[in-house]
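A short write-up of the structure that comes next.
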Amino acid sequence: MIGIPSIAVAIRRYETNGTHQGFSVKRTPRGLGLFTRKRISRGKLVVEYTGNLLPSEEAYRKGGRYLFEVNSRWIIDGAGRENISRYINHSCRPNCEPRTRGMRVLIYARRNIDAGEELSYDYGKEYFDDLIKPKGCRCDHCLGQGGRRRRKR
Ligand SMILES: [Zn+2]
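Rendered as structure tokens:
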């Protein structure tokens, strides 16, 4: 009886502190993007890529924009609203990197990230060649190289 309310509080605290709080979703030249509201140190866990774990064939049959390949047989369909990491865009010079741990996909900081920065990771060669390259990459690095938009440092 005594333990139950504190567990409920702990879970709620995890949900608010551990996931959506600390991030904001904003418009970018690449569509919506995920921004951190607080500074994140290099090597720290930023967010988990959550969703339904599906066998690869089933996931590719269904299709969708938010499929994350865990390994050759399993895919996370991250289209659910609770998966805020679906807003993280591709960058050719990313500040985050995803790492798989068993069947989980965890996104870590590759370097120190300032409050207010957009989060990004490299979507990988296959995704880049198939879906980004034909339209031209609009990450800050590529836009900056084109001279249209320089990043303030
Ligand atoms: Zn790029």
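If you read the sequence shown in this note's numbering, its first letter stands for residue 17, the second for the next number, and so on.
For every residue, glycine included, the Cβ atom is placed at its ideal position computed from N, Cα and C.
query = Leaving out five residues before and five after Ala131 in sequence, what residues of the same chain have Cβ atoms less than 7 Å from its Cβ?
reply = Around Ala131: Thr52, Arg53, Lys54, Arg55.
query = Hey, how far is the Cα of Ala75 from the Cα of Arg46?
reply = Within the model, the alpha-carbon separation for Ala75 versus Arg46 is close to 25 Å.
request  = From the DSSP output, in three-state form, read off Cys108 for me.
outcome  = In the three-state scheme derived from DSSP, where H, G and I count as helix and E and B as strand, Cys108 is classed as coil.
task = Kindly indicate which residue of Gln161, Ile91, Gly59 has the alpha-carbon position closest to the one of Ala68.
result = Inspection of the sequence shows that residue 68 is occupied by Asn rather than by Ala. The closest CA to that of Asn68, considering only Gln161, Ile91, Gly59, is found on Ile91.
inquiry  = Strictly by DSSP, which residues pair up with Thr116?
reply    = Partner(s): Val121.
request  = Pull up the distance between the alpha-carbon of Asp219 and that of Leu50, whole angstroms please.
outcome  = For residue 219 there is no data in the structure shown, the boundaries of the chain being 17 and 169.
ask   = The beta strand (DSSP E) spanning Glu85 covers which residue range?
value = Run containing Glu85: 83-85, per the beta strand (DSSP E) assignment.
query = From the DSSP output, which residues share a beta bridge with Lys54?
reply = For Lys54, DSSP records no beta bridge to any residue.
request  = Sort Ala95, Ile129, Glu85, Val63 by Cα distance to Tyr139 and report the nearest one.
outcome  = Selected option, being the one with the closest Cα: Glu85.
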